[in-house]
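Engineer:
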Amino acid sequence: MAKDSKKRPYDFGRVFFPGKSIPIPAEIRFQPLGNHVGNVNRLVKYWNGKALPDGEASQARILEAAKIHDMGKPQKFQLQCETSPQGKFQKYIYSFRGHRFLAVSKDKWAEKLAIGHHDFSAIEICKDTHQLKQVPQYAALLKKEPLAYAKELYVLEMCDQIEAELACRVMEDGKQAESRTFMDFTITQYEHDSNTYLIDPWPFKIEKTFIELTFHYWKFEPETTHQKALEKHIQKQDASKLGSELDKIVKDWWQKSGLTTKQTIPITIKLTPHTNNPEDSSQSQQRWDAESFYQKLAKYHPNPMQVEMFNAIYDPDDKKHPAIVMKGPTGSGKTEAVLFPALASGYRLFLPLPVRSLLEDQKVRIEGYLKTFSKLYPDREFSLVVDTGSQMHRYIYQNGTEVERKINPRRHLYKGDIILTTIDKMLYRFFAYGDKQKSFTFPLRIHRERTLICFDEAHSYDEISFTNFHSLVTALYEAGQSLVLMTATLPHEYQSYFTDFDLIDYIDDDVRSNALRQFQAQTLNRPHLDKREFVWHEDLQRAPDAPGAFQAAVAKLAFDTFRKRAKSRILLVVQRVVDAVEIYKQLKQNISQTEDEQFLYLYHGRIADQRRPDLYKQVNARDEEGEPYILVTTSAIEVGCDLNAEVLITEICPPENLIQRVGRCNRRGNVRDAQVVVVGNEIPQFANSLDEIGWQTYQNTLRELSGSQFKADVVSQCIRRTQHVDDYRVVEIFSMLYDYIYHADLTCQPTHERGLVPTRSWTPSVEMRIMLLEDEYHSISVPVDRLASNNCEVYAHTHLFERKYDSETTQWQTILARTWGDIYKKQLIVKICPDLSEFIFDDNRSYSYDEELGFVDLPKIFSGRWIQGADVKLKYEYEDNENKTHKIIYSYVNALD
1 MAKDSKKRPY
11 DFGRVFFPGK
21 SIPIPAEIRF
31 QPLGNHVGNV
41 NRLVKYWNGK
51 ALPDGEASQA
61 RILEAAKIHD
71 MGKPQKFQLQ
81 CETSPQGKFQ
91 KYIYSFRGHR
101 FLAVSKDKWA
111 EKLAIGHHDF
121 SAIEICKDTH
131 QLKQVPQYAA
141 LLKKEPLAYA
151 KELYVLEMCD
161 QIEAELACRV
171 MEDGKQAESR
181 TFMDFTITQY
191 EHDSNTYLID
201 PWPFKIEKTF
211 IELTFHYWKF
221 EPETTHQKAL
231 EKHIQKQDAS
241 KLGSELDKIV
251 KDWWQKSGLT
261 TKQTIPITIK
271 LTPHTNNPED
281 SSQSQQRWDA
291 ESFYQKLAKY
301 HPNPMQVEMF
311 NAIYDPDDKK
321 HPAIVMKGPT
331 GSGKTEAVLF
341 PALASGYRLF
351 LPLPVRSLLE
361 DQKVRIEGYL
371 KTFSKLYPDR
381 EFSLVVDTGS
391 QMHRYIYQNG
401 TEVERKINPR
411 RHLYKGDIIL
421 TTIDKMLYRF
431 FAYGDKQKSF
441 TFPLRIHRER
451 TLICFDEAHS
461 YDEISFTNFH
471 SLVTALYEAG
481 QSLVLMTATL
491 PHEYQSYFTD
501 FDLIDYIDDD
511 VRSNALRQFQ
521 AQTLNRPHLD
531 KREFVWHEDL
541 QRAPDAPGAF
551 QAAVAKLAFD
561 TFRKRAKSRI
571 LLVVQRVVDA
581 VEIYKQLKQN
591 ISQTEDEQFL
601 YLYHGRIADQ
611 RRPDLYKQVN
621 ARDEEGEPYI
631 LVTTSAIEVG
641 CDLNAEVLIT
651 EICPPENLIQ
661 RVGRCNRRGN
671 VRDAQVVVVG
681 NEIPQFANSL
691 DEIGWQTYQN
701 TLRELSGSQF
711 KADVVSQCIR
721 RTQHVDDYRV
731 VEIFSMLYDY
741 IYHADLTCQP
751 THERGLVPTR
761 SWTPSVEMRI
771 MLLEDEYHSI
781 SVPVDRLASN
791 NCEVYAHTHL
801 FERKYDSETT
811 QWQTILARTW
821 GDIYKKQLIV
831 KICPDLSEFI
841 FDDNRSYSYD
851 EELGFVDLPK
861 IFSGRWIQGA
871 DVKLKYEYED
881 NENKTHKIIY
891 SYVNALD
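1 is the number of the first residue of the sequence shown in UniProt numbering; add one for each residue after it.
(1) Less than 7 Å between the beta carbons of T261 and P32, yes or no?
(2) With distance defined between alpha-carbon atoms, name the residue in L246, N644, D713 nearest to G669.
(3) Measure the alpha-carbon distance for Y369 versus N311 and round it to whole angstroms.
(4) List the residues that DSSP assigns as beta-bridge partners of A312.
(5) Looking at C-alpha atoms only, which residue of G434, I453, K436 is the closest neighbour of D417?
(6) By DSSP, does A744 sit in helix, in strand, or in coil?
(7) What residue range is occupied by the uninterrupted alpha helix (DSSP H) comprising I693?
(8) Is the CB-CB distance between L384 and Y395 below 7 Å?
(9) T487: buried (16+ other C-beta within 10 angstroms of its C-beta) or exposed?
(10) How close, in whole Å, do the beta carbons of F855 and M768 come, if the pair is a contact with beta carbons under 8 Å?
(11) Using DSSP with H/G/I as helix, E/B as strand and the rest coil, what is H301?
(12) Where does S121 sit, in a helix, a strand or coil, going by DSSP?
(13) Ignoring anything shorter than 3 residues or poking outside the region 521-562, list the beta strand (DSSP E) runs there in chain order.
(14) Within the same chain, show all residues whose beta-carbon is closer than 7 Å to that of N276, passing over the 5 residues directly before and after it, in chain order.
(15) Can you give the Cα-Cα distance for Y824 and K804, rounded to whole angstroms?
(16) Can you give me the C-alpha to C-alpha distance between V893 and L787, rounded to a whole angstrom?
(17) Excluding the five sequence neighbours on either side, which residues of its own chain have a C-beta within less than 8 Å of the C-beta of Q255, listed in chain order?
(18) Could you give the distance in angstroms between the alpha-carbon of V872 and the alpha-carbon of T186?
(19) Checking the sheet assignment: what are the DSSP bridge partners for D806?
(20) Please report the straight-line C-alpha distance between I570 and H778, rounded to a whole angstrom.
(21) Any chance you could list the alpha helix (DSSP H) runs of at least 4 consecutive residues sitting entirely within the region 755-780, in chain order?
(22) Would you mind reading off the limits of the beta strand (DSSP E) that contains D502?
(23) Could you tell me the distance, in whole angstroms, from the CA atom of L153 to the CA atom of I741?
(24) Which parts of the region 61-149 are runs of the beta strand (DSSP E), unbroken and 3 residues or longer, counting only runs that do not cross its ends?
(25) May I have the straight-line CA-CA distance separating N399 from F382, to the nearest angstrom?
(26) Using CA atoms only, rank isn't needed, just tell me which of T633, V647, T422, D289 is closest to K567.
(27) Determine the contact status of T214 and T268, defining contact as a CB-CB distance below 7 Å.
(28) In whole angstroms, what separates the C-alpha of L737 from that of D107?
(29) Curious, which full-length alpha helix (DSSP H) runs of at least 4 residues does the region 15-59 contain?
(30) Which value, in whole angstroms, describes the spacing of the CA atoms of I889 and I607?
(31) Are there three or more Cβ pairs, one per stretch, closer than 8 Å when the region 548-555 is compared with the region 583-590?
(32) With DSSP as the reference, label M392 as helix, strand or coil.
(33) Name the residue from K319, R445, E360, E367 whose alpha carbon lies nearest to the alpha carbon of E336.
(34) Following the continuous alpha helix (DSSP H) through P443, name the residue where it begins and the one where it ends.
(35) What residue range is occupied by the uninterrupted alpha helix (DSSP H) comprising K251?
(36) Compute the Euclidean distance between the alpha carbons of M392 and K208, then round it to the nearest angstrom.
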């Protein structure tokens, strides 16, 4: 012990491996701990005080935390080797695991900041905030600004990360620089001076035009004896021991070297703001009006609605904080009406959509504008984040093109100019669900200044989804966030929930509506705007037990229309996947098409997630070129898509849905003989929003319109929603989650840990995969009750897995499901592995999957479903290696009747 106490401390702040990752490194660089800490302190001192919740007091706490945040590194230093799953060398890494817990200060707030750095998880931030609220000197601040601690921790994290990324670049360790997580800034090397780096946006004091930082390092070059020691493990193909060997070599070298900070090699760099940065008020800003911005970005004149919205939102000085309900007809440019002023103002724009199927269409649409916008600010990066929950992609655009960046998939965490997601995932992120580490990044960035949140298709929520939608909008409104609710058919019953919002109405306001119609007809040259011949075939009935006749009749109607109209663009929408598939198959038999010219498409919610984006792109491309197609689909393509069909054939549906579907027919007002054909005489119960009186009124309206022109304003009068009654449990859960995340109420922590966020229903969903290759699959998300039956037929090689998060490795692992419990706390995956039949005998029937048709049948993997008290129970049975049967019972909350 006495000998150990005389060892020199390993005073390293960071370690760098310049060049390629090789088993015998030519050089290793060590940044002195004091140099790293000093640089972080320098960045904290220059941080823009406007972003600090408690002014100078905040800065003092962060400075103290920066001084102590890495004081435990010398005790925890270790070099390691990262290997592939096959045990082969990949790269060397360094670790200070656990060092943050050794930070100590008399200032308990600063101490918690130091210990909390690198984690930034909801569980840690809520725990720390709760404990600080018990300290009298901090109670008032945290009552006034509940996120004060999180915001200060964010500043410490950002200064640490900025210094780290710069150090990696300076030390020529580019791969480590790319792997840095959590950064909210883009750092690029100035092309005319290798020692100058540009940061975007500029987070420091406005009066600072640059910050100078000096990075020091000691250099270690392995000697021949060191190389031989490493070579020994390479020859034995034992890469796992390379890390411990190099660790031993380096520590021995350090003890013998006697190096001091006076013997370091210095490199001084300059950090400056990125030029032409709209968010940096020290730079000259371009001032826009609607006309000039639309001409620059889209080369067309904005319509009256777009002009009014631009004037209401455009806010380069961050003074307006709008809250708007915007009602506009389908095809009137509502998305651009919000997107354009947001870009012009430098807002971060969140666009939560009601369904996942809309993401690809909006992504294609938005990225075109971002490419053009990036040309206005040369060399600056703009980005689009698409968050589906299971995956989060960040697309970067610069100088008019998409650019590739080798970015850790966890790196961005909503770092984007536009964030495209669904309402379900927005709720999850709002409540800090995601990877455990950095999970509080989501609520913090959602609540950042200069953020605009626009809920598209606001009319599409009902029951539980509307309760959550209203609760979320209310919480954001009360937090002072800028908000827009966009809709074409918001029921009058729902408008009363948003009376505090400004209403910009281009549907029911006659003056505005007429101005918009006049503009579209004259300026945009839309001579056939809103002209659609309408007919209702109510005699074409669907028998629930024998739908074949209905399917055949609809297929024949589509085929005859396609022949009669000389290959038009036809959109065919039915309510059920099984009908869509059968109609598609019958049309395919009757219509000849080549691979070079495919014009018959099937698109529904059970087409694999991996195929849907490309399918929609193909249809959209034909639509834009005016080429013929028949698209057989379901409500999966009802809202948000930008198709301009010539004929709509649709199964009868509620009036709000019909208006949405009709909006995809003659959308641009340039089809002389557009047709809308409604078939069927009954709305399926699962899709119906009308009571008996409403249904009678709706039928009478359709009968009166049949044989004449479709009138959306007349049909919209039939939109009725029964009096909305909130499920008190949904309201209570939202309230408890909010109190936990935003007020650090630890009594609500169990609710958060349960993972229960009933976004649309109480029934949770599972992922279903058909394995194509070992690491390749097609998948969809399915409500768990759709996979349950008391008389189920189990398909061959179908198994249930659970995805678990390993906090030690910060990685997700997929293992066979073997534990009972609350299904909300689990991420279940159903895997169907048809190729296993070549190796393993299974006497059950094989699952039939055709990627063209999608997951038509759903495997009933749960062999029992029953109600027990307030819960639904599901039974899953499996056999072990000895053919013994075991069962697992899962539970979830039963919906109210």
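From the three backbone atoms N, C-alpha and C, an ideal C-beta is built for every residue, glycine too.
Structural biologist: Judging by the given coordinates:
(1) yes
(2) N644
(3) 19 Å
(4) Bridge partners of A312: none, in fact.
(5) Nearest Cα to D417 within the set G434, I453, K436: I453.
(6) coil
(7) 692-705
(8) Yes.
(9) buried
(10) 7 Å
(11) coil
(12) coil
(13) 533-537
(14) For N276, the pLDDT reaches just 43, beneath the cut-off of 50, and the residue's location in the model is therefore unreliable, leaving the point undetermined.
(15) 13 Å
(16) 17 Å
(17) The answer, listed in chain order, is K7, R8.
(18) Roughly 48 Å separates the two Cα atoms.
(19) Q811
(20) 28 Å
(21) The qualifying runs do not exist here; there are none.
(22) Element bounds for D502: 502-505.
(23) 15 Å
(24) 78-83, 89-95
(25) Between N399 and F382, the C-alpha separation is close to 9 Å.
(26) V647
(27) yes
(28) Taking C-alpha positions only, L737 is separated from D107 by approximately 30 Å.
(29) Runs found: 33-45.
(30) Cα-Cα distance, rounded: 29 Å.
(31) yes
(32) strand
(33) For E336, the nearest C-alpha among the options comes from E367.
(34) 441-446
(35) 242-257
(36) 35 Å
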